[in-house]
Amino acid sequence: FFVSQLTTGFFISVALTTLAVMYWYENEYTTNVQTCWTWDQAVLYSAVVSATDPVSVVSLLKSMTSLKTLSTIIEGESLLNDAAAITIYTLVKNLIYETFKSDKNLLQQTRATLLGINAEQCSNAVRFLIKRKITAIYLLKFILKTIATAIIIGYVMAHITIFTLYRMEAGEFETCITITMSYFVYLTCETIEASGVIGVVLLGLTLNMNRSCFSVSAIHISKQTWELLAYIS
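Each residue of the sequence shown is one higher than the one before, counting from 1321 in the working numbering.
Given below as structure tokens:
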């Protein structure tokens, strides 16, 4: 519940930042329309600046409290926020590209069919219709392909990893498997144009919920290894 509230806060932050950017540009550049940002560009910017930094948050938390449960929750929140930021950025970026491509190809074909409307009005009308259609289609495609596929891959590969870990008692080898599977899930998702970040997050969350699959020695080695990798990153 705590993580879901904080992730919801991220989306609220994106919305408020977008409104602030659009309000500032509308008041700052009212004399020069060409310099104004569109809503798509404002959301793109907001997705970048609204995400929290997991390393900074966790480091600050460890210096203030020793509660392991709270630390784990904050780490999960930071990862989900980063995944959400990358997902929103990718969604809006591709949506802008698809809209521009369709707008460029279809605008000339449709303009001649709208009789009684001047060129500028026709361009705006066609652009609105194209963008609305592309937005609905692309959102559905994005949710099914990018998000759902990443969740399925992360969940399935996590259970394959769990199945493998239950059948070995070598701490170093178990740690190598977790690192290898993380890269494998990320690269697999990115190759098929799914979200590699979401896939890796699902992999980590599922493994964390099934920690009994690790041997006693692997728990300590894996913890130290991943803390080192997080610090280096």
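Idealized CB from N, CA, C, for every residue including glycine. Predicted model, so just to flag it, every value in this text is computed and none were measured.
message: Taking the alpha helix (DSSP H) that ASN1528 belongs to, which residues open and close that run?
response: Counting from one through the sequence shown, the residue named residue 1528 turns up at place 208. Start and end: 1516-1529.
- prompt: Less than 8 Å separating the beta-carbons of ALA1367 and VAL1334?
  reply: As a working mapping, residue 1367 is identified with position 47 in the sequence shown. As a working mapping, residue 1334 is identified with position 14 in the sequence shown. Yes, the Cβ-Cβ distance between ALA1367 and VAL1334 is below 8 Å.
message: Looking at the ligand GDP, does it come within less than 7 Å of TRP1344, judged from the CB to the closest heavy atom?
response: By its list of ligands, the structure shown contains no ligand whatsoever, and the ligand GDP lies outside what it can speak to.
query: Taking the alpha carbon of ASP1360 as the point to measure from, which residue in VAL1412, ILE1482 and ILE1471 has its own alpha carbon closest?
result: Locating residue 1360 in the sequence shown gives position 40, where the first residue counts as 1. Per the Cα distances, VAL1412.
field: Element boundaries [alpha helix (DSSP H), containing LEU1507]
entry: As a first step, residue 1507 must be located in the sequence shown, where it is residue number 187. Unbroken alpha helix (DSSP H) run through LEU1507: 1491-1511.
task: Can you grab the Cα-Cα spacing for the pair ALA1468 / TYR1506, in whole Å?
output: What you label residue 1468 is simply residue 148 of the sequence shown in a count that begins at 1. What you label residue 1506 is simply residue 186 of the sequence shown in a count that begins at 1. Near 14 Å, if we compare the C-alpha coordinates of TYR1506 and ALA1468.
message: With distance defined between alpha-carbon atoms, name the residue in ASN1528, CYS1533 and TYR1503 nearest to GLY1519.
response: Numbered from 1 along the sequence shown, position 199 holds the residue referred to as residue 1519. When each option's Cα is compared against that of GLY1519, the closest is TYR1503.
message: Helix, strand or coil for MET1342? Go by DSSP, reduced to three states.
response: Residue 1342 sits at position 22 when you count from the first residue of the sequence shown. If DSSP states are grouped into helix, strand and coil, MET1342 belongs with the helices.
- request: Kindly indicate which residue of ILE1512, GLN1544 and MET1488 has the alpha-carbon position closest to the one of ILE1473.
  value: Numbered from 1 along the sequence shown, position 153 holds the residue referred to as residue 1473. Of the candidates ILE1512, GLN1544 and MET1488, the one whose C-alpha sits nearest the C-alpha of ILE1473 is ILE1512.
- prompt: Helix, strand or coil: how does DSSP classify PHE1534 here?
  reply: Counted from its first residue, the sequence shown places residue 1534 at position 214. If DSSP states are grouped into helix, strand and coil, PHE1534 belongs with coil.
- prompt: Can you tell me whether SER1532 is buried or exposed, with buried defined as 16 or more other CB within 10 angstroms of its CB?
  reply: Reading the sequence shown from its first residue, position 212 is the one you call residue 1532. By the 10 Å Cβ count, SER1532 comes out exposed.
- prompt: Quick one: what does DSSP say SER1542 is sitting in, helix, strand or coil?
  reply: Your numbering for residue 1542 matches position 222 in the sequence shown. Helix at SER1542.
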